[in-house]
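Engineer: Here you go, one structure.
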Amino acid sequence: AAPRRRRARPGAMIHSLFVICSSGEVLIERHWAGVTSRAVCDFFWECVNQYSSREEVPPIITTAKYYLISVLRDDIFFLVTTTGEVPPLLAIEFLHRVFDIFQEYFGTVEETTLRENFSTVYQLLEEMMDNGYPLTTEPNVLKAMIRPPTLMGKFASMTTGRSNISDVLPDGTISSMPWRKVDVKYAQNEIYLDIVEEVDCIVDRNGQVVSCEVSGTIQANSRLSGVPDLTLTFVDPEVIDDCSFHPCVRYNRYERERVVSFVPPDGVFELMRYRVNPRQPVSAPIFCSPQLSFDHVHSQGSIALTVGQRPSSLIFPSRRGTLVVEDVEVTVPFSRAVRTANLTVGGGGGTCLYDEAAKVARWTVGKLGRDKTATLNGTIILQAGANQEESPPIQLDWRVPM
Numbered sequence: 008a009a010p011r012r013r014r015a016r017p018g019a020m021i022h023s024l025f026v027i028c029s030s031g032e033v034l035i036e037r038h039w040a041g042v043t044s045r046a047v048c049d050f051f052w053e054c055v056n057q058y059s060s061r062e063e064v065p066p067i068i069t070t071a072k073y074y075l076i077s078v079l080r081d082d083i084f085f086l087v088t089t090t091g092e093v094p095p096l097l098a099i100e101f102l103h104r105v106f107d108i109f110q111e112y113f114g115t116v117e118e119t120t121l122r123e124n125f126s127t128v129y130q131l132l133e134e135m136m137d138n139g140y141p142l143t144t145e146p147n148v149l150k151a152m153i154r155p156p157t158l159m160g161k162f163a164s165m166t167t168g169r170s171n172i173s174d175v176l177p178d179g180t181i182s183s184m185p186w187r188k189v190d191v192k193y194a195q196n197e198i199y200l201d202i203v204e205e206v207d208c209i210v211d212r213n214g215q216v217v218s219c220e221v222s223g224t225i226q227a228n229s230r231l232s233g234v235p236d237l238t239l240t241f242v243d244p245e246v247i248d249d250c251s252f253h254p255c256v257r258y259n260r261y262e263r264e265r266v267v268s269f270v271p272p273d274g275v276f277e278l279m280r281y282r283v284n285p286r287q288p289v290s291a292p293i294f295c296s297p298q299l300s301f302d303h304v305h306s307q308g309s310i311a312l313t314v315g316q317r318p319s320s321l322i323f324p325s326r327r328g329t330l331v332v333e334d335v336e337v338t339v340p341f342s343r344a345v346r347t348a349n350l351t352v353g354g355g356g357g358t359c360l361y362d363e364a365a366k367v368a369r370w371t372v373g374k375l376g377r378d379k380t381a382t383l384n385g386t387i388i389l390q391a392g393a394n395q396e397e398s399p400p401i402q403l404d405w406r407v408p409m
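409 is the number that the working numbering gives the last residue of the sequence shown; the numbers go up by one with no jumps.
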């Protein structure tokens, strides 16, 4: 008889996943298509140590056998390995989703929380991926299958021996809307939408905006009964670009009518992300005036920073009432020619911490009112005989609640 030809199974998209802490130790590993040696983690960590900052590590690193795709969240690397060509953005988005799910379950994603809940971590990874392909990544569905760890739940499992995994599939798993529970009922039907927008600007020493980018997210908290069908419209949808939506959004209708039509999941979820194309230049509601001078003869220098609120801003042109800027933080990186810095905060301007190893000063100002300015002054000691380099740009972070 002629020999039978075996049908080849499709290869896994992702072979293995590793969670690596800030010291290079592997905290979690999960394999779907054979066991990947931890030697790839050693190679990856050698590549990480070649960069001065963890944020500079490229998301894709190639070896003789594997492609290493990674993301950095809260000083923890999430790394997957694959041997074939895969959509890199899909793997990166899956890693971000893994972190978001861990944060949804454990509150904070740290080395201690992952060690304390390692069994739940492996249960989640088992459900989130099947044979190397993403399967269930919706938080509501995962919570119906695997109950989040609680103190009472741990005590009950120790006394009764029951697992936190459900014996039946959650409602809606095989429906056309797996993100929505069945028979949801509330006494009061309501939904909350929070719009969070970030402004990323490069400003020259004269306060003029060189480049600017505005991005935003819409966070929702739905408490609606039944199967609600909602529609969200925008006053000026033409300024919204590069949108990414939750799977509940009907994308075809958005392409036709520029409205967001969706059946929301139950609970908290991210409805969409977008980028804004402003019709006029954007100016921040606060300013930062730096003054930096060096005396190479005596190997010293001085620094003076002033942070205050502008009288008007194009970000909030029609806002009435007092504008309060919160969580103001200034990050001042120094060049390698600086040996140390002695900084003093004046005018009730918060606190300042100087990192001697990284040569970075972090000035936490806090809340900044309309008539309030904060100052930071100090002296700088330079390395003997060092050539002065161009000072890195100052980073200014702030938040305005609406």
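Glycine included, every Cβ here is placed at the ideal spot set by N, Cα and C.
1. Label VAL203 either buried or exposed according to how many other C-beta atoms from any shown protein chain fall within 10 Å of its C-beta, with 16 as the threshold for buried.
2. Go through the stretch 13-68 residue by residue and report every complete run of the beta strand (DSSP E) that reaches 3 residues or more, in order.
3. Where do the N-terminal and C-terminal ends of the beta strand (DSSP E) with ALA348 fall, by residue?
4. When you measure from the CB of GLY315 to every non-hydrogen atom of the ligand ATP, does any distance come out below 7 Å?
5. Any contact between the stretch 227-240 and the stretch 119-131? By contact I mean 3 or more CB pairs, one from each, below 8 Å.
6. Among the residues of its own chain, which have a CB less than 8 Å from the CB of ILE293, if the five just before and after it don't count?
7. Quick one: which unbroken alpha helix (DSSP H) runs of 4-plus residues sit fully inside the stretch 81-136? Chain order, please.
8. With distance defined between alpha-carbon atoms, name the residue in ARG230, GLU205, TRP186 and SER218 nearest to TYR193.
9. Out of VAL283, SER306 and SER77, which one is the CA nearest neighbour of THR69?
10. At what residues does the alpha helix (DSSP H) containing ARG154 begin and finish?
11. For ASP362, which beta-bridge partners are listed by DSSP?
12. For a test of the three-state rule: what should DSSP assign to VAL246, helix, strand or coil?
13. CB VAL304 to CB VAL339, shorter than 8 Å?
14. Would the beta-carbon of LEU79 fall within 8 Å of that of PHE25?
15. From this set, PHE301, ALA151 and GLU36, which residue's C-alpha is nearest LEU121's C-alpha?
16. Measuring CB to CB, does CYS412 end up less than 8 Å from ILE83?
17. DSSP three-state call for ASN384: helix, strand or coil?
18. Measure how close the beta-carbons of ASP243 and TYR281 come, nearest whole angstrom, since I'm counting them as under 8 Å.
19. Taking a contact to mean a Cβ-Cβ separation below 8 Å, would you say TYR199 touches ALA227 in this structure?
20. CB-CB under 8 Å to SER222, same chain, minus the five flanking residues each way: which ones, in chain order?
21. Okay, do the stretch 144-158 and the stretch 95-111 touch, 3+ Cβ pairs below 8 Å being the bar?
22. Entirely within the stretch 187-274 and at least 4 residues each: give me those alpha helix (DSSP H) ranges in chain order.
Structural biologist: Quick answer:
1. exposed
2. 23-27 and 33-38
3. 345-353
4. In the structure on display, the ligand ATP does not appear, and there are no ligands present to speak of.
5. no
6. VAL314, GLY315, GLN316, ARG317, VAL332, VAL335, LEU375, LEU403 and TRP405
7. 95-113, 118-123 and 125-135
8. ARG230
9. SER77
10. Careful: ARG154 lies outside any alpha helix (DSSP H) and carries neither H nor E.
11. VAL367
12. helix
13. no
14. no
15. GLU36
16. Any question about residue 412 goes unanswered here, given that the chain covers just 8 to 409.
17. strand
18. That pair is no contact at about 12 Å.
19. yes
20. GLU204, GLU205, ASP207, ARG280, TYR281, ARG282 and VAL283
21. yes
22. 258-264
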